[in-house]
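Start counting at 1 in the sequence shown, then tack on 12, and there's your number in this note's numbering. One structure is given below, encoded as structure tokens.
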Amino acid sequence: MKLYLNALYKDPPPSLKAVLLSSFEEEVLDASLSTLLESVYNKNQDRSISRLPATLLKTDPNRLLEILSSPPLFGPPPLLIIEKLTEASLNSLETFLEHLPNCPFFIMTAGYLKATSSLRKFCETSKDIGFIALYAPTTSQIEADIKALLIRYGHTPEPALLRHLVHHYQEKTHLIKSELVPFCLYFEKPTSLKLSDHLTFMNKTLSTEAHCLESFLLKRKDLIEGMPQLSIISFLRLLNFHILRLLEIRPNFSGTSGILKFPHLALKDKALYEEALRKWTTKELFHVLNLLKTLEIEAKRGSLQESDMMLRRLIQVYA
Numbered sequence: 013m014k015l016y017l018n019a020l021y022k023d024p025p026p027s028l029k030a031v032l033l034s035s036f037e038e039e040v041l042d043a044s045l046s047t048l049l050e051s052v053y054n055k056n057q058d059r060s061i062s063r064l065p066a067t068l069l070k071t072d073p074n075r076l077l078e079i080l081s082s083p084p085l086f087g088p089p090p091l092l093i094i095e096k097l098t099e100a101s102l103n104s105l106e107t108f109l110e111h112l113p114n115c116p117f118f119i120m121t122a123g124y125l126k127a128t129s130s131l132r133k134f135c136e137t138s139k140d141i142g143f144i145a146l147y148a149p150t151t152s153q154i155e156a157d158i159k160a161l162l163i164r165y166g167h168t169p170e171p172a173l174l175r176h177l178v179h180h181y182q183e184k185t186h187l188i189k190s191e192l193v194p195f196c197l198y199f200e201k202p203t204s205l206k207l208s209d210h211l212t213f214m215n216k217t218l219s220t221e222a223h224c225l226e227s228f229l230l231k232r233k234d235l236i237e238g239m240p241q242l243s244i245i246s247f248l249r250l251l252n253f254h255i256l257r258l259l260e261i262r263p264n265f266s267g268t269s270g271i272l273k274f275p276h277l278a279l280k281d282k283a284l285y286e287e288a289l290r291k292w293t294t295k296e297l298f299h300v301l302n303l304l305k306t307l308e309i310e311a312k313r314g315s316l317q318e319s320d321m322m323l324r325r326l327i328q329v330y331a
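Listed below in structure tokens is the structure:
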């Protein structure tokens, strides 16, 4: 069946077993996949992800079937993503679907598929497999996405700032959320944001918070050094944001994690996340999440008067 991404979020067809996302540009595909994954995680934060190549449809379909048909003893079944299908995948996909029992929803990805593509036609005419063609967002769509994100965090962008951000993210829309969320979190109260606010944040605050974030995720002992200007609540929320992302890409039983292709991460963040996953266990990450909630409550009550007090509490997690 032919689908559109927005319609899939709002009202997915009840018979839908899987969806194939297709795009010319890998960044567009990654950004759309990121949004789709977040819609899944909003329903269940504990769900793991298995990202596997489409070649397995031919070489080892049983591995894919096992993921879909053998739920874990505890927690929800993993979300399967079969990546980089091509025209040559069609016969293997048809055979795979014939042996597929009732199973959890899964996702497939492919490069650009023409309207005459046999793989595309197969999905478009299927009653339970959806096809979504993805295109680069227009300038007005980018502006709407940025404005919606800022408003979601209680801020109103002035026109000059909005124009600047639209131009800045024209070629990297997949990074809008990961880069603008920390900017939004820096301003605790609803604010009318100016262009100068963003430039100041990028030049000063971002470097300080980035240092603290990296130190914490890598369990370094220099977290507390020279951080008197750190915004407590902003940093707690920033940590929460990244800890949740680490939990989303935590390697699962199939040995896959999606780290190298995780949609909404810049290259520098991917390298940081890879190292952080080697430092933290899942149990520790959940413990940190609970501590962050407690610290934010204390900060709002005025119990945390100094940033170094907060940092000492955080360091105790891995000291």
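Quick reminder that beta carbons are idealized off the backbone N, C-alpha and C, glycines included. Small disclaimer: the values here were computed from a predicted structure and weren't measured.
Considering only P116, A145, F108 and S81, the residue with the shortest C-alpha distance to K126 is A145. A Cβ-Cβ separation of about 7 Å places E136 in contact with M13 under the 8 Å criterion. Three or more Cβ pairs closer than 8 Å define a contact, and the stretch 201-220 meets that threshold against the stretch 157-174. Each of S246, F228, L102 and L250 was checked against the Cα of L289, and the nearest Cα belongs to F228.
For I94, the enclosing beta strand (DSSP E) stretches over residues L91 to L97.
When the alpha-carbon of T71 is set against those of R63, S101 and P89, the nearest one is in S101.
Judged by pairs of C-beta atoms under 8 Å, the stretch 112-131 touches the stretch 19-33, as three or more such pairs exist.
When F247, L192, R232 and T151 are compared, the shortest CA-CA separation from T220 is found for F247. For S60, the secondary structure class from DSSP, reduced to helix, strand or coil, is coil.
With fewer than 16 other beta carbons inside 10 angstroms of its own, S208 counts as exposed. Going by C-alpha positions, K305 is about 40 Å away from A66.
Taking 8 Å as the cut-off, the Cβ atoms of L91 and A122 do not count as close. From the listed residues I255, Y198, R249 and E191, the smallest Cα separation to I309 is found for R249. Cβ-Cβ separation between L225 and H254: approximately 6 Å, consistent with a contact (criterion under 8 Å). Taking 8 Å as the upper bound for CB-CB distance, Y147 and V40 are in contact here, some 7 Å apart. K295 sits exposed, since fewer than 16 C-beta atoms from the chains shown fall within 10 Å of its C-beta.
Only residues of its own chain outside the window of five on either side were considered, and among them I158, L161, L162 and L177 have a CB closer than 8 Å to the CB of L192, listed in chain order.
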